[in-house]
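Residue numbers (our numbering): 32 to 261.
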């Protein structure tokens with residue numbers, strides 16, 4: 032129709048002074064709240080947990096290298112992983128962008144004094160004290176994150192870890208198209224690669240100890256596990 036101006040989403044965001052990264056971050060959070068009601072119960076199944084905690088799991092091999100005296104679990108969801116390592120940890124801080132997830136975890140683990148809870152912004156850990164934590168890890172979440180948010184988290188990881196502290200990241204290895212997002216990428220995998228993650232880790236001051244590219248479901252080499260050290 033004549034007289035109607037058609038603009039792109041990018042232009043719309045720019046016109047309203049919105050940050051595309053922040054917009055995508057909010058979309059990911061809201062999607063997990065509104066559209067994944069069954070996800071959390073499925074994720075608790077033994078088959079799903081075996082991927083991370085089975086005897087031959089690539090995740091477990093590297094998780095065993097973490098010092099759990101004061102560990103952060105980033106993007107903890109409903110706390111399905113906590114039950115797997117709680118008896119090995121002295122102090123745990125559960126972090127999630129969704130208050131609903133933190134409230135769920137408080138109800139689930141509320142009487143356990145070794146656990147602290149933190150609703151964060153989705154891109155920083157500013158409430159946590161510098162050089163105070165022995166380890167950080169995140170599973171099945173950062174694969175969806177915006178690359179620029181990941182860089183912020185890597186810088187924050189360097190800040191909060193003690194010297195010699197390690198962090199274990201499960202992230203996307205999906206670099207097929209720089210325009211992909213959570214909503215368009217295979218299995219919700221955002222734009223990232225093993226090499227890009229190593230580069231960002233280095234620029235954040237972290238040493239890359241090891242990287243392992245893995246399949247996810249039927250998708251070959253879709254994900255990567257990266258272990259870093261301060």
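Glycine residues also receive a C-beta, built at the ideal position from the N, C-alpha and C atoms. Note that the coordinates shown come from a computational prediction; the quantities given were computed from them, not determined experimentally.
Going by C-alpha distance, which of the options is nearest residue i?
i, options, result
"residue 214", "225, 235, 174", "174"
"residue 107", "72, 245, 172, 95", "172"
"residue 149", "88, 211, 127", "127"
"residue 73", "109, 228, 147", "109"
"residue 217", "233, 254, 181", "254"
"residue 290", "252, 207, 154, 202", "Because the chain here runs from 32 to 261, residue 290 falls outside it and cannot be looked at."
"residue 75", "206, 183, 56, 115", "115"
"residue 259", "167, 102, 136, 121", "167"
"residue 156", "103, 122, 146, 143", "103"
"residue 200", "207, 58, 241, 249", "241"
"residue 207", "252, 229, 234", "252"
"residue 101", "78, 95, 143, 122", "122"
"residue 141", "113, 234, 50", "113"
Tell me whether the beta-carbon of residue i lies closer than 9 Å to the beta-carbon of residue j.
i, j, result
"residue 243", "residue 256", "yes"
"residue 111", "residue 80", "yes"
"residue 56", "residue 131", "no"
"residue 124", "residue 159", "yes"
"residue 105", "residue 197", "no"
"residue 145", "residue 117", "yes"
"residue 202", "residue 182", "no"
"residue 120", "residue 99", "yes"
Please work out which residues of its chain come closer than 6 Å, Cβ to Cβ, to residue i, disregarding the five sequence neighbours upstream and downstream, and give them in chain order.
i, result
"residue 83", "90, 170"
"residue 37", "Bear in mind that a pLDDT of 46 at residue 37, under 50, signals an unreliable position, so the number given afterwards is only what the model happens to contain. Contacts found: none."
"residue 219", "175, 213"
"residue 232", "185, 239, 259"
Give the secondary structure of residue i by DSSP, where H, G and I count as helix, E and B as strand, and everything else as coil.
i, result
"residue 54", "helix"
"residue 92", "helix"
"residue 47", "Confidence in residue 47 is poor, its pLDDT being 48 and thus under 50, which makes the residue's placement unreliable; the coordinate value appears in the next sentence. Coil."
"residue 258", "strand"
"residue 218", "helix"
"residue 180", "helix"
"residue 37", "Model confidence at residue 37 stands at a pLDDT of 46, short of 50, so the residue's coordinates are unreliable; what they give is reported in the following sentence. DSSP places residue 37 in coil when its eight states are reduced to three."
"residue 209", "coil"
"residue 32", "Its pLDDT being 39, under 50, residue 32 is placed unreliably in this model, and the value from its coordinates should be taken loosely. Of the three classes helix, strand and coil, the one that applies to residue 32 here is coil, per DSSP."
"residue 252", "strand"
"residue 232", "helix"
"residue 241", "strand"
"residue 78", "helix"
What does a CB cutoff of less than 8 Å around residue i pick up in its chain, not counting 5 residues either side in sequence?
i, result
"residue 236", "186, 189, 261"
"residue 60", "128, 129, 153"
"residue 147", "122, 123, 124, 125"
Considering only residues of the same chain and omitting the five flanking positions on each side of residue i, which have a CB-CB separation below 7 Å?
i, result
"residue 209", "222"
"residue 180", "52, 56, 153, 154"
Can you check whether the C-beta of residue i is within less than 9 Å of a C-beta belonging to chain C?
i, result
"residue 202", "Protein chains in the displayed structure number just one, and chain C is not present."
Is the segment 191 to 204 touching the segment 161 to 174, taking contact as three or more C-beta pairs under 8 Å?
When C-beta atoms of the segment 191 to 204 are compared with those of the segment 161 to 174, three or more pairs fall below 8 Å, so the two segments count as touching.
Does the contact criterion of 3 or more C-beta pairs under 8 Å hold for the segment 211 to 229 versus the segment 69 to 84?
Under the three-pair Cβ rule at 8 Å, the segment 211 to 229 does not count as touching the segment 69 to 84.
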